[in-house]
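Numbering (my numbering), first residue to last: 45 to 829.
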Amino acid sequence: MESSRPRDSYRGQSQTPDELVSRIVAYLAQQQTATPEMIRKELVRFTNWGPQRTVKSILRLARDFRSKGNYGRLRCALLAGITYKGQEFLTAFERTGALLSDGQPPKKFGTFLNDLQKAIAKAREPEWHILEQRLKTYQAYHQLTLSVADDGQTAMRLLKTRPRHIIKQVLALANIAFLRAYFAYHVPDDVATVLDEMGEPEDAAQIASLLVSLANKIKPLDSWDLGRPSIGDLNDQNLITLVRCGRALVARHRIAKEVSLFGYDLQHRMAASGDLYIVTPPSSAFEYGMSLGYIRMRIGTGPSVATDKKRSKLIDLMTAAENIFNSNHERIAEIRGANMESRRIRVTLPISSDLYKVLAEIELYDDALRDDHLAQNFLLPLRTPSGEPVVLTQTMTVEEFLRIWRLMQFLSLMDIAALRHYQKIEPTATRNSVVRVIKADDLIEMIAALDVDPERAREFLCLVAANVNSLGYYDLQYRPFLQIAAVDMPEENFRSPMEFVVVPAVVATANVLRNVQIANKIRLADLPQQFVEVVADLLRQHFTLVTINRRVKTTEGATDIDVVLLHNEDLILFECKHSVFPSDPHEVRDAWEDIEKGIRQLQFAASVLADPNRCRAYLAGWFPNRQRPHPTSVRVVPCAISSHRVFSGIHHNGVAIRDYASLSHLATEGIAFMGPVEEDGSTLLRRFRITEAAGFSAADLLNYLSPESRYFKVFAGFMRPVSRLFRVGSLTIAHETYVWHLCVDEWIKYMEATGFHRLPDVAGTMEVPLSLEQVPGDLKQPKEE
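In C-alpha cells, the structure reads:
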C-alpha cells in the first residue's frame with residue numbers, strides 16, 4: 045500500500061538533483077514494496093536534468109546512505125538507478141564499491157545482501173534480474189571478508205604495540221626481497237623462507253605498503269617507531285604472523301577491486317583444505333587482453349639486440365656505484381657501534397660534488413634501456429617537438445626531475461654496494477642497514493650538489509615521498525621515500541628533525557617517471573596531441589588520405605575523431621587514447637574506462653557516417669579536391685588505439701582495440717623474431733615476415749584491425765588458460781587467467797604452420813654495459829674534497 049503522503053507534495057519546488065533524488069528514495073523506502081512502475085512514476089521528475097547528472101546524483105547519495113548504514117535507502121537508490129539506466133547504472137554503482145562489505149557491520153551488511161538477493165530472486169521484473177548473479181558474487185565476497193577478519197584483527201593488535209619496530213622489520217623484508225631478486229644478494233635460509241612465502245618482490249612491496257598504511261591509521265609513524273638501529277630477528281614469529289595477515293588482506297583488497305571495478309565473479313566453496321574462492325573474469329576476452337598486455341610489456345622490456353655498437357660503450361649506474369665503492373670503501377664506509385647488537389654500516393656521502401655532476405650529465409646504459417621502454421609506450425617526453433623542455437610541475441621539467449632522481453638512485457646503489465660488500469663479514473651490521481632513516485636536511489644538501497636550489501629540492505622530495513600526516517592510500521613503489529612524523533617532547537625541549545625512511549633497493553629499481561605521474565596525478569601536457577600526430581605520421585608513410593582531429597555531430601553531441609584514414613572503399617577511424625601504462629587495478633580501471641569512452645565515441649561517429657548523404661558531406665570537407673569513392677560503398681572500420689599494450693588485440697562491442705607499439709612495429713618493420721641469448725651475449729634470431737613482402741599495405745592494416753589479426757596470432761598459439769592458486773593458512777584463492785609459454789622450436793613450427801614467410805636467421809649480440817674494468821678512470825678514483 046502506498047504512503048498516504050501525496051506524491052506531488054514537492055512538485056513545483058526548486059530543487060537540486062540531490063534533493064529530488066533524496067526525496068524520491070525516501071518516498072520509495074516508505075513503501076512495503078517498490079515496483080519498476082512505481083519507480084518510473086517518480087523518475088519522470090528527472091526530466092529537468094540530463095541522464096548523466098541524474099546518475100551521478102543517485103550514485104553520490106548511495107555512497108552517503110552506505111556510509112551512514114541506511115541500507116533501506118541504499119537498496120531503493122540501487123533499484124531506482126537500475127530501472128532508470130539498467131546495466132550502465134549497475135556498472136557505475138559497482139565501481140563506487142557500494143556493494144562491498146568492507147568497513148560495514150558484518151552481520152547487518154550480510155543481512156542486507158541476503159534480503160536483497162531473496163527479493164530479486166522473487167521479483168518478476170526482468171530489468172532487476174541483472175542484479176542476481178552480481179549479488180551472489182558480493183555475498184561470496186562478504187564471506188571472504190569474514191574469512192580474513194581474524195587476520196585484520198591480528199594485524200591491528202600487532203601494529204598497536206609501540207614503538208612499532210615491527211614495521212621497520214616489514215620494510216627490511218621488502219628491501220631484501222628486491223635485493224635478492226635484482227642484485228644477487230645472498231639471503232640466509234631462514235629469511236629466504238619468509239620471503240618465499242611473501243611471493244615476488246612486488247608482492248612484498250604491496251604487503252609492506254598495506255601494513256604501513258594500517259599502522260599509520262592507528263597513529264602516524266614517527267622516529268620513535270622507526271628509529272631503532274637494530275633490525276632484530278627477521279624470523280620472529282610475530283613478524284611472520286603479521287606478514288601472513290598482510291598477504292591475506294592484500295589478496296582480499298585485490299579481489300574487491302576486481303569485483304567492483306571490472307565485474308569479476310566470485311564463488312565460495314568449501315574444500316577439504318578449507319575455504320576456496322574462485323575468481324572468474326567478466327569475459328575470457330577481457331582477461332586475455334589484460335594478461336597478453338602485461339606479457340607483451342615484459343617480453344618487450346630490457347636489452348635489445350644491438351644493430352650498432354654505440355650502447356656497448358656505455359656504463360650502467362650499478363656498475364659505476366659498485367666500482368666507486370669497491371675502490372673507496374675504506375674511506376667512505378665504516379661500521380658504527382662495533383661489537384654492539386645495534387651496529388650498522390655508515391656510508392659517508394657526498395664523496396665529491398664533481399662526481400655527482402659527472403654522473404648527472406653523462407649518458408648511461410640505464411638511460412638507453414629506460415628510453416627504449418618508455419618509447420614503446422609513448423612515454424618519452426623529455427622535449428617538445430619545438431625542442432623546449434617538457435614541464436613536469438610548474439617549476440620543474442622532466443629532465444631536471446630525472447637528473448635529481450639519478451642522484452637518488454646512485455646513492456641507493458652505493459648503499460646496496462655497501463650491503464653486498466659487508467654481508468658476509470658483518471651480517472649483523474648489514475641486516476641493521478637495509479632500511480635507512482635520513483634527515484631531510486642531509487638529502488637537500490646532497491641534491492644541492494647538482495646546483496639545485498633548496499626549494500626545488502624540497503619540491504622533488506614532495507613528488508617522491510609520502511607524508512604520514514596525510515598518507516591515505518600508500519604504495520611503497522610509487523613513493524619510495526616515507527616522511528615520518530616528528531617526535532615532540534616539550535618537557536625535554538626536544539623536537540626531532542624532519543626525516544625520511546628510505547628502502548634503497550626499491551628506489552634503485554623504481555619505474556619513477558611512470559610512478560611519479562600516477563602518485564601525483566600528473567598528466568604531461570602535449571603528449572596526447574603528440575600521440576595523435578605520431579600515429580597519423582606513421583600512417584602517412586603508407587597512405588595518402590590521412591587527416592586528424594575531425595569533428596562529427598551525433599545525436600549524443602559532437603565528438604572528435606583523432607585520426608581518419610580513407611583508402612579506396614575503407615574509411616578507418618582511430619580514437620587515440622594516451623595514458624600511463626597501468627599496474628594497480630585502479631589504474632587498469634582508468635585505462636579501461638578511457639578505452640570504453642573512445643569506443644562509444646567511435647560508435648556514435650560510425651552511426652552518423654553510415655548515412656550516405658552525411659558521409660558524402662564529411663568526406664568532402666575532410667579530403668577536399670581528392671578523388672573519393674561513392675559514400676554508399678564506404679566501409680567504416682573503427683579502432684581504439686592505446687599508447688600501451690594492455691587490452692590490445694581484443695574487440696569490444698565490435699571495435700578493435702590496438703596499441704601504438706604493435707602498429708609501429710608492423711608499419712616500420714613487419715618482422716617477428718625469436719632467439720635465446722647465450723651466456724656470452726650472442727644470439728641467433730629466427731625471423732618471419734608478418735606483413736606482405738612489398739611492405740606494409742592496406743591489406744595488412746585491415747587484417748591487423750580484424751578479429752583474425754595475423755599479428756596477434758603470433759601470441760595466441762602460446763597463451764594458455766590456468767587457475768593461479770594463492771594460499772594462506774586454510775584459505776585458497778583460484779584466479780582464472782592466462783599464461784604465455786613457448787620454446788623456439790615450437791614457435792618456428794607454429795609460425796610455419798600459420799603461413800608466415802620465414803626469413804634468413806640473423807646472428808646478433810646482446811647489448812651489455814661496460815664491465816668494472818672498463819669504467820672510465822675519472823669515475824674510478826673520485827677526487828677528495
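Ideal placement from N, C-alpha and C gives every residue a C-beta, glycine not left out.
| Query | Result |
| --- | --- |
| Test item: CB-CB of S687 and Y704 under 7 Å | yes |
| N-terminal and C-terminal residue of the beta strand (DSSP E) that V596 is part of | L589 to T598 |
| E600 and F667 closer than 7 Å at C-beta | no |
| Nonlocal neighbours in the same chain, by C-beta distance under 8 Å from A654, ignoring five residues either side | V680 |
| Cα-Cα separation, F717 to V235 | 40 Å |
| CB-CB length for A259 against I211, believed under 8 Å | 5 Å |
| Whole-number beta carbon distance between L179 and L157, since they are thought to touch under 8 Å | 6 Å |
| Residue environment, A247, which counts as buried when at least 16 other CB atoms sit within 10 Å | Per the sequence shown, residue 247 should be read as Asp rather than Ala. Buried, because 16 or more other Cβ atoms sit within 10 Å of the Cβ of D247. |
| Whole-Å CB distance - E138 paired with G307, under 8 Å assumed | 7 Å |
| Three-state secondary structure assigned by DSSP to N669 | coil |
| Beta-carbon proximity check, V88 vs F133, cutoff 7 Å | no |
| Under the three-state DSSP convention, the category K621 falls into | strand |
| Assigned exposure category for K301 - 16 Cβ within 10 Å defines buried | buried |
| Neighbourhood of V231 by C-beta distance below 7 Å, restricted to the same chain and skipping five residues each side | I220, R224 and L239 |
| Which listed residue (T135, R110, T140 and K166) has its alpha carbon closest to that of P149 | R110 |
| Closest residue to V481 among G808, S692, N513 and L526 (Cα-Cα distance) | L526 |
| Endpoints, alpha helix (DSSP H) assigned at A73 | P61 to Q74 |
| DSSP-derived helix/strand/coil call for I469 | coil |
| Any beta strand (DSSP E) of 3 or more consecutive residues that is wholly inside the region 684-745 | 699-703, 715-718 and 726-733 |
| Coil, strand or helix - Q311 by DSSP | strand |
| S348 versus V699: straight-line alpha-carbon distance, rounded | Low local confidence applies: a pLDDT of 36 at S348 is under 50, so the model's placement there is unreliable, and no value is given. |
| Spatial distance of V547 from R342 (CA atoms) | 24 Å |
| Contact check, I643 vs H696, beta carbons under 7 Å | yes |
| Which of helix, strand or coil DSSP assigns to A350 | Its pLDDT being 32, under 50, A350 is placed unreliably by the model, and the measurement read from it follows with that caveat. Here A350 sits in coil by DSSP. |
| Rounded straight-line distance, which links the Cα of H779 to that of E470 | 43 Å |
| Where H373 falls: helix, strand or coil (DSSP) | helix |
| The region 355-374 touching the region 461-480, judged by at least three CB pairs closer than 8 Å | yes |
| I406 versus R502 - alpha carbon distance | 24 Å |
| With 16 other Cβ atoms within 10 Å as the buried cut-off, status of V783 | exposed |
| 4 or more residues per run - each alpha helix (DSSP H) lying fully within the region 96-161 | 115-139 |
| Nearest-angstrom Cα separation, counted from V496 out to I359 | 25 Å |
| Inter-residue spacing [alpha-carbon to alpha-carbon] between A552 and D415 | 16 Å |
| Nearest candidate by alpha-carbon position, reference L255, set G516, E736, A580 and F740 | G516 |
| DSSP state of R523 mapped onto helix, strand, coil | coil |
| Close beta carbons around Y185, own chain, < 8 Å, minus the five adjacent residues each side | L144, S145, I299, A300, V303 and L310 |
| Alpha helix (DSSP H) runs contained entirely in the region 472-546, provided each spans 4 or more residues | 484-492 and 498-508 |
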